[in-house]
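**Q** Going by the numbering used here, the residue at position 46 of the sequence shown is 46; the numbering climbs one at a time, nothing skipped.
Using N, Cα and C, we set each Cβ at its ideal position, and we do this for glycine too.
Since the structure is predicted, the reported quantities are computational estimates derived from the model, not experimental observations.
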Amino acid sequence: MKSKYMKQEKMPSVISASNALLSGRGSCCDDDDCLIEPSENNPLIISGLSDAVSAMLEGIGEDTGREGLLKTPDRVAKSLRFLTKGYRQDPEELLKNALFTESYDEMVLVKNIDIFSMCEHHMLPFFGKAHVAYIPDGKIVGLSKLARVVEVFARRLQVQERLTQQIRDAIQNVLNPKGVGVVIEARHMCMVMRGVEKLNSITTTSAMAGQFISSQSTRNEFLRLIKT
Ligand SMILES: [Zn+2]
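(1) Taking the C-alpha atoms as reference points, what is the distance between residue 120 and residue 99?
(2) Please look up how many angstroms separate the CB atoms of residue 177 and residue 135, rounded, as I've assumed it's under 8 angstroms.
(3) Among 41, 168, 107, 95, which one has its Cα closest to the Cα of residue 78?
(4) Under 8 angstroms: do the segment 166-180 and the segment 122-139 share three or more Cβ pairs, one atom per stretch?
(5) Using C-beta distances below 7 angstroms, list every residue in its chain close to residue 110, excluding the 5 sequence neighbours before and after it, in chain order.
(6) Report, in whole angstroms, the separation of the C-beta atoms of residue 185 and residue 171, which I expect to be a contact under 8 angstroms.
(7) Any heavy atom of ligand 1 inside 7 angstroms of the beta-carbon of residue 122?
(8) In its own chain, which residues sit with a C-beta less than 6 angstroms from the C-beta of residue 161, not counting the 5 before and 5 after it?
(9) Compute the minimum distance between the beta carbon of residue 188 and the heavy atoms of ligand 1, and state whether it is under 7 angstroms.
(10) Between which two residues does the beta strand (DSSP E) harbouring residue 228 extend?
(11) Among 106, 63, 192, 93, which residue has its Cα nearest to the Cα of residue 217?
(12) Is residue 159 helix, strand or coil by DSSP?
(13) Go through its chain and collect everything with a Cβ distance to residue 193's Cβ below 8 angstroms, but skip five positions before and after it.
(14) If you follow the alpha helix (DSSP H) that residue 145 is in, where does it begin and where does it stop?
Have a look at this one:
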């Protein structure tokens, strides 16, 4: 069953009658963690998106017929599908597939996880580091899965605040640990390239649960560890 984090993908209305084309199941790549639906590279979706990119090019006054731009709509369409592939992946499912019973009950921290996301207001990139920690309560999860969960939520249109909370909530829901802490530090291109044009500003957000809220020493240990 899909979790609340998955949205049913809306097909462009012109092709809604073609669902038969989408029913074949299969993996899109060799990656074990690949939870992308088979519709990911559906030619009809790519073609609809590609037409929209052509319209954008015209909108900015470009000549869509010139040589350098001939394949741009198709490239941008595929690139956008990649950059938003998190919509087609289920983060809770990903975590559930790598749970182990362990008595370890100290903090587990994976820090400096690269994030590349796009702000939902301008569709411009924001990027930086995520630090994810939890204190197990009988169950641990494969470490790479923590980075994967970050990736699934980052590969969607986001605001940094919500991204931070979604990562915390997915870990909390699946592992039910004694506590979760997530900190994200990122640079937003919509602040750098446009708007206030502040080149070096970094936005920090945090989302905590359990002992990371109730215990000052846990919180301090987490914040100290991610600074070093
Ligand atoms: Zn923005």
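**A** So, from the data block:
(1) 32 angstroms
(2) 6 angstroms
(3) 41
(4) yes
(5) 132, 143, 146, 147
(6) Actually they are not in contact, since the Cβ atoms of residue 185 and residue 171 sit about 19 angstroms apart, beyond 8 angstroms.
(7) yes
(8) 205
(9) yes
(10) No beta strand (DSSP E) holds residue 228; DSSP gives it neither H nor E.
(11) 106
(12) coil
(13) 124
(14) 143-154
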